[in-house]
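Below: one structure, written as structure tokens.
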Amino acid sequence: MKSLARQRQVDKNHDVYTDEQLEELLEHVFKHTDLNNDGYISYLEYRVNDHGKIVESEVKYGDKDLEEIVNGALKQADRNNDGYIDYFEYKSV
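Following full-length UniProt numbering, the numbering of the sequence shown begins with 1 at its first residue and continues without gaps.
Encoded structure:
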């Protein structure tokens with residue numbers, strides 16, 4: 001039997017989530033990012049926020065730097081190298 005500590009995760013605000021709640025949260029965020037609902041997150045979907053604007057950072061990056069950062073994150077998450085992140089790849093990051 002799993003200990004209570006293993007069954008729950010704690011975020012930085014010390015809120016406690018069950019494994020099921022974390023799964024629901026991940027699924028919600030994935031679906032929210034998958035703008036065309038095709039079951040994959042593309043490069044553009046990864047960069048766009050919920051208002052349809054390119055995500056801005058407090059740290060100002062040039063276009064080339066931002067592209068390298070996004071491409072690096074996508075490459076790390078894209079385990080099967082198809083250029084997209086599916087839900088299972090997303091969960092594993």
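All C-beta atoms, glycine included, are put in the ideal place defined by N, C-alpha and C.
Fill in: Contact set for Val93: own chain, Cβ-Cβ below 6 Å, skip 5 residues either direction
Excluding positions up to five away in sequence, the list reads Ala77.
**OP:** Give the straight-line distance between the Cα atoms of Thr33 and Asn71, rounded to the nearest whole angstrom.
**Re:** 16 Å
task = Alpha carbon to alpha carbon, how far is Asp86 from Asn37? Give it in angstroms, no decimals.
result = 11 Å
ask   = Which two residues bound the contiguous beta strand (DSSP E) that contains Val16?
value = 16 to 18
request  = Please work out which residues of its chain come closer than 6 Å, Cβ to Cβ, to Tyr90, disregarding the five sequence neighbours upstream and downstream, and give them in chain order.
outcome  = Apart from the 5 residues on each side of it in sequence, Tyr90 sits with its Cβ closer than 6 Å to the Cβ of Phe30 in its chain, given in chain order.
Should Ile41 go down as buried or exposed, given a rule of 16 or more other Cβ atoms within 10 Å for buried? buried
Collapsed DSSP secondary structure at residue 96 in the structure displayed = The structure shown does not extend to residue 96, since the chain spans only 1 to 93, so no value can be given for it.
Work out the CA separation of Gly62 and Glu45 for me, nearest whole Å.
-> 19 Å
What does DSSP give as the partner residues of Ile85 in its beta bridges?
-> Ile41
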